[in-house]
Each structure stands twice: as structure tokens, then as C-alpha cells.
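First up is the structure itself, then whatever we jot down about it.
Number of protein chains: 2
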Amino acid sequence: MPAMNRQWILARRPVGDIAAGDLELREAPIPEPAEGEFLARTIYLSLDPTNRIWMSDQDQYMPPVNIGEVMRGGTLGVVERSCHPGFKPGDIVSGIGGWQEYALAHVAQKLPAQANLPLPAYMSVMGMTGATAYFGLLDIGKPQAGETLVVSAAAGAVGSIVGQLGKLKGCHVVGIAGSDQKCRHVVEDFGFDACLNYRSASFAQELNAACPRGIDIDFENVGGTILDDILARINLRARIVLCGLIASYNAKNPVPGPYNFAQLLMKRAHLEGFIVSDYMRRMKEFWNEMSGWVESGQIKYDVTIVRGLEQAPDALRLLFTGGNTGKLLLQLGDEP
Amino acid sequence: MPAMNRQWILARRPVGDIAAGDLELREAPIPEPAEGEFLARTIYLSLDPTNRIWMSDQDQYMPPVNIGEVMRGGTLGVVERSCHPGFKPGDIVSGIGGWQEYALAHVAQKLPAQANLPLPAYMSVMGMTGATAYFGLLDIGKPQAGETLVVSAAAGAVGSIVGQLGKLKGCHVVGIAGSDQKCRHVVEDFGFDACLNYRSASFAQELNAACPRGIDIDFENVGGTILDDILARINLRARIVLCGLIASYNAKNPVPGPYNFAQLLMKRAHLEGFIVSDYMRRMKEFWNEMSGWVESGQIKYDVTIVRGLEQAPDALRLLFTGGNTGKLLLQLGDEP
């Protein structure tokens, strides 16, 4: 084990796109666990759109990361040293280890005994992103067979799972993604009924054609003009699962809400903001059901892995430029 | 009874504010009821913000009024002639008689036998506006004692009832209205804890001071910048009862949604569009409870009455200029 720990520090709050100098890579001694703590070596770091929110000081669902602190991030690692009776070296644990190679913790989630999927599965379809898709769609979206479900960022970590869950529930599922290649992937590999490239000049007409009976559920990951196109087509008592608004996370100036906001009134729609951390007490329910679907191949998942802690800011940018498909992970070191 | 019926016809769709010539007053013979129909003379015509929506051809919750048709409107009248076994001359009926002095109908609501309030009560607190306040606040807002409820258009027909219902449920109730005089009225006569004039230069600070524990429920009648000020202050799991967006009904160009739209995500808020016509099957429940509160004086109501069918377009404009308080009615003729 080396003596030094590399860490990304939030040096200043980004204005617009993340720029060089917003985050700084520094070295610090690897700390020793105190009584009740353990030290884990991070194998995978989760990169998520919400990381950009944490870098800002806007009103948000967790405290923002403070300037000078290690950047926050979800991690999966292996325990190296332990002064905690519940964790021993070699245990695989997930938690919020942050953007660093080694993290001290006094609490973390252990993989369950029956875990037999590759480790990246527990950072994607079986982790927070899978739970986001599962609880958001099933609890708030309440899909009924025959309804039309639209999913933005359909090739992404959450969207790709949402669409497959929608198909399992008998919905007509229409994805929206940022390239023809992603759209083919979503239809051919994830089984969506259709997928539309929002960069197409005829996107609005294509959305009409793909949703001949209107839209009953929108699983919203993006916001912006795509959300307006969707709201224009919602049916009576539509459900809008407001999971993310990535289109505006890098904005320098205030971003207007959807111009078709009044449609929420006219169609008596139900819009609900949703953060997966509210569902932690129900994770076992998700875990049991999803593991069955994944093991049987009914739910597929996709992971993009970038290697090396020094790549973290550039890799995060892929989420905003459409450079990844599926769950984006940074691999910091080898699996045990 | 005269031979001719005066009617307001929608001559063209208004662009922005309603202008002279958008509606035309014409005369037509009073029709004879056919088998199964009756003819009612209108006493009161309800003037509501939603009338402006019906004049437009935007996507809406009922078909728009067609060009050349009598303008749609809720009415309370007295049966004059009947070929319908269920209605006899002298019956007081409410329905959608439109902007005209006489209307044929084959269906209408009769006042219940125990009705003993003045007739305008059945066009306001005991009618659609009262039901809007009742079902919107109780069913969607789900007020709990100690929560903070904000009501825009607080001196209006719906808002004034919403705030009183909120007080009955133990909420801290903050109204928003367009003049200091209206605000005094709302606090002194309707018992709101506070009421703020949104035209005040220090409105945002006043809203902070009036809502020291944040905002749990927003009964939204207005939209626009006021809604942004409210969204900036909502608490976790806030409810937004989206009942009206009068700030944008006269807009000539697309109106952006709230700039603080992302707050709905961050605070996991529940926003629901609401139209009272969805609750028709539960009107008896409303009627029973509200009549008790009105008769005991626990719920007060306020009516502005303008006289004469020819005044209809000018009177409707009062809703958009803040010229009325409480329910706005046009009186077309004398009560029997």
C-alpha cells in the first residue's frame, strides 16, 4: 500500500461548464483508522449528473460540497485496514467515499452474501441508479399496461433501466437520446419500442409519430426544450417523474421552466420531484426484485468505465456532452 | 317576457388583452323548448379567469369556444318554460347557460331543498369556486396543523375561501394580493395570518418574514414571478396545488415556466394540476360540509356584482386588472 492518497479537492465553484482549476488534484497522507473506523481502497467511483449540483451552492437536496473539501462521490471499494468490529480487510463496501483513492469510514453498505454479478453491476443496475429507475418509475410513474412512457437520456444509466422496466409493465416505451447510434442501441439492446434523436430537425414530428396515443408518463432526466415537446403531448392525468434536469446543471444564468408549464394544469398532471435517497429503507425490496430480473437477463445494463483518478473531471464532462452510454464509472484500481 | 334574446358571440380570438370587437353583442329570437328541454332566464352569470382560456385555441381542458358561438359561462337562472318532466317554471337552476339572457337546456343542477343562503352564495362559496377551494386544498394540498399555506389571489373568489379553510385546518396562512386595501380585507375579514402586496418593492423579504418556517403548501392561482418567489421558499415534500395561472392568460407570446422549476426536484415537491369539474361526483360531500361552515359564519364570502349583460367584457377585465374582490358576478335580471 502506498503512503500517499490522491484526492480531488473542490477549489472553487464552477461557473457554467466545469473548467480547469475548479477541481485540484492533491496528495495527502493515507490516514489511519481510529477506533470504530475502517480504511477502504476505492475501486470504482460513480460519476453522476448530480455531482455538478453538489459543486454549486444552489439550494439543493444535500449540503453543497464546501470549497477546499474532497469532492463528494459514491464509491465501491475494498476494506484494507479496520478498527471496526463489523468490517474486516477484504470486505467489499459501497458508500460515499469521495473522489480519492482511500477513504476512512465508520459506516458503509456491504454487498449481500448472494451477490454474484460483476462488481460494476452493484454500482449501476443494482445500485443507486437502478434504484432510481425502479422507485421513480414504479412509485411515482405508476405505469399501467398499454400506457405510453417517454424516457429522456434513454441511453443513460437510469433511462436505460427505466425503459426496460416500462416494457416489463406492458408500456409503449419511447426513448429520447442524443445520437442515432445511441437510439439504435436503446431499441436493439434494451428493447424500447422507439428511440428518437433530439438533435433531429424533425424531432417534434417524430415524437408525434412515436406517441400516437399521447404521453401518459414522462420520466424526466433532462429538462429544457425536450421537456416542452413532451408536455405539449401529455394526456389527462399524466405523471411527470422529475428525476433530473441535466440540461440546466451547467447554466450560467437562471434557466426558465418549461414554456408548456400550463399543460400541467390543463391536463391535471401530477409532477413529483424525486431523489432516490428517500427510498433507502426500501432498498431490500428493490434488490430482491431487480436481482432476479438481471440474473434472468430480463433487465440488461451498460457501463462505461474510464480508468484513473486523474481523469475524474474530464470523465464527468462526458455526461454533459453525451460521451458515454449507460452508467459512467471511474476505475481507480484493480478489483481484488 | 320579451321576444328577443341578447347574446355575446365570440367574434374572433383575443390576442393579449380582450379588445373591442373580440366579442359581439347580438340579438336573436328567444327559442322555444323542444320535448325534453326547458328555457331558463339567467339571473347571474359567473365571470372567471378561465373564461379567457376558453376564448383561446390553446390546448385546454374543455374544447375552446368556437368563433361565432355564444360565449360559454356558468349561470344561475329561473325556469320560464319547460317541456322537461324534471323542471317546472320557477325552479332555480345552475348550469352552463352562456353569455346570454335566455338559455335552452336539457340538464341543469337544481338548488337543494335546504338552500337558504342568498342566491349569489350558490354562484360562489357554495358553487364551483367554493368547490375549487375545498377539493384543491383538502385533496391535493392535504393541509396539516402547523404547516404554512400560501395563497395567491387571496382576495379572489377561490383564494379567500382557501385561506379560511387553511385556518380551519390549523395552518399558518399567508395570502398574496395586489393592493394594501385587499390585504387588509383578507386579514381583517377572512382571518388570514398575513397578507402581502406583491407590488411592494420588498415583497421577497416580506415573504421571508411572513413564512419563517418556509412554505409547505402553495395554492397557486397566478403563476409568473410570484410563483418563483414561492418556489424559492418551499420545504421538503411541499405540495403545489396548480389551480390557475392568470398571470399568463392574456399573454401574446409564449410564457416561460418558473425559473425555480428545479426546486420541485430538489425539494421532492408534489405539483398537481387541478380542475374542479373532475370532482362533480363528490359535490354532495362539499355541499354538506361547506353549508355548515357558511351558515355558522366560520367561512365568509365576498361577491362583486356588476349589472347588465352589455357589461360582460368590461366586467371580465376586472379579474385581470385586480378590480374586484371575491366572486365576480354579472347580474342580468332580477331575482324572482
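Those protein sequence lines, which keep their order, are chains A and B.
Residue numbers 1 to 336, in my numbering, belong to the letters of the first sequence in order.
Residue numbers 1001 to 1336, in my numbering, belong to the letters of the second sequence in order.
Each residue gets a CB set at the ideal place from its N, CA and C atoms; glycine is no exception.
Where residue i falls, given that 16 or more other Cβ within 10 Å makes a residue buried
i, result
"residue 15(A)", "exposed"
"residue 118(A)", "exposed"
"residue 1296(B)", "exposed"
"residue 120(A)", "buried"
"residue 107(A)", "exposed"
"residue 1067(B)", "exposed"
"residue 1019(B)", "exposed"
"residue 991(B)", "Any answer about residue 991(B) is impossible in this case: the structure gives chain B only from 1001 up to 1336."
"residue 1188(B)", "exposed"
"residue 1285(B)", "exposed"
"residue 1334(B)", "exposed"
"residue 267(A)", "buried"
"residue 145(A)", "exposed"
"residue 1086(B)", "exposed"
"residue 89(A)", "exposed"
Closest by C-alpha distance to residue i, when choosing among the options
i, options, result
"residue 72(A)", "51(A), 84(A) and 110(A)", "51(A)"
"residue 1204(B)", "1232(B), 1183(B), 1221(B) and 1191(B)", "1232(B)"
"residue 127(A)", "86(A), 35(A), 44(A) and 261(A)", "44(A)"
"residue 222(A)", "202(A), 237(A) and 175(A)", "175(A)"
"residue 110(A)", "94(A), 42(A), 182(A) and 75(A)", "94(A)"
"residue 1177(B)", "1200(B), 1165(B), 1166(B) and 1167(B)", "1200(B)"
"residue 30(A)", "103(A), 62(A) and 225(A)", "103(A)"
"residue 316(A)", "12(A), 328(A) and 89(A)", "328(A)"
"residue 1304(B)", "1125(B), 1032(B), 1064(B) and 1225(B)", "1125(B)"
"residue 1017(B)", "1010(B), 1252(B) and 1287(B)", "1252(B)"
"residue 2(A)", "11(A), 10(A), 87(A) and 32(A)", "32(A)"
"residue 11(A)", "62(A), 69(A), 61(A) and 89(A)", "69(A)"
"residue 1182(B)", "1256(B), 1049(B), 1302(B) and 1116(B)", "1302(B)"
"residue 330(A)", "47(A), 85(A) and 39(A)", "47(A)"
"residue 1332(B)", "1042(B), 1036(B) and 1037(B)", "1042(B)"
"residue 1021(B)", "1320(B), 1314(B) and 1318(B)", "1314(B)"
"residue 294(A)", "130(A), 61(A), 74(A) and 97(A)", "130(A)"
"residue 74(A)", "250(A), 40(A), 89(A) and 256(A)", "40(A)"
"residue 279(A)", "160(A), 134(A), 269(A) and 255(A)", "134(A)"
"residue 1220(B)", "1152(B), 1037(B) and 1138(B)", "1152(B)"
"residue 254(A)", "1260(B), 1269(B) and 1250(B)", "1260(B)"
"residue 247(A)", "36(A), 224(A) and 58(A)", "224(A)"
Neighbourhood of residue i by C-beta distance below 6 Å, restricted to the same chain and skipping five residues each side
i, result
"residue 1218(B)", "1150, 1230 and 1240"
"residue 1171(B)", "1143, 1147 and 1149"
"residue 1214(B)", "1233 and 1235"
"residue 8(A)", "23, 25, 71, 99 and 312"
"residue 258(A)", "227, 228 and 231"
"residue 1132(B)", "1158 and 1276"
"residue 336(A)", "78"
"residue 1216(B)", "1147, 1148, 1235 and 1238"
"residue 164(A)", "190 and 299"
"residue 192(A)", "163, 173, 175 and 186"
"residue 123(A)", "44, 46, 76 and 329"
Endpoints, the beta strand (DSSP E) within which residue i is located
i, result
"residue 1080(B)", "1075–1082"
"residue 1093(B)", "1092–1095"
"residue 217(A)", "215–220"
"residue 102(A)", "102–105"
"residue 1196(B)", "1194–1197"
"residue 1330(B)", "1327–1331"
"residue 1176(B)", "1172–1177"
"residue 1272(B)", "1270–1273"
Where the alpha helix (DSSP H) through residue i begins and ends
i, result
"residue 1188(B)", "1180–1190"
"residue 206(A)", "203–210"
"residue 1262(B)", "1262–1266"
Contact set for residue i: own chain, Cβ-Cβ below 7 Å, skip 5 residues either direction
i, result
"residue 1034(B)", "1083"
"residue 1274(B)", "1136, 1140, 1241, 1242 and 1243"
"residue 1210(B)", "1174, 1194 and 1196"
"residue 1185(B)", "1155 and 1325"
"residue 1006(B)", "1025, 1027, 1100, 1101 and 1309"
"residue 1271(B)", "1240, 1242 and 1264"
"residue 56(A)", "13 and 64"
"residue 179(A)", "197 and 322"
Residue i beta carbon near the ligand GTP (any heavy atom closer than 6 Å)
i, result
"residue 1073(B)", "As far as ligands go, the structure on display features none, and thus does not contain the ligand GTP."
Cut-off 8 Å between Cβ atoms - residues of its own chain near residue i, not counting five sequence neighbours on either side
i, result
"residue 1114(B)", "1291"
Quick one: complete alpha helix (DSSP H) runs, 4+ long, within the segment 1224–1254 of chain B?
-> 1225–1231
Can you check the segment 277–321 of chain A for any alpha helix (DSSP H) of at least 4 residues that lies completely inside it and give the ranges in chain order?
-> 283–295 and 312–321
Residue ranges of each beta strand (DSSP E) run of no fewer than 3 residues wholly in the segment 108–163 of chain A, ordered along the chain?
-> 148–152
Pick out the complete beta strand (DSSP E) segments inside the segment 1003–1081 of chain B, 3 residues or longer, and give them in chain order.
-> 1004–1010, 1023–1029 and 1038–1047
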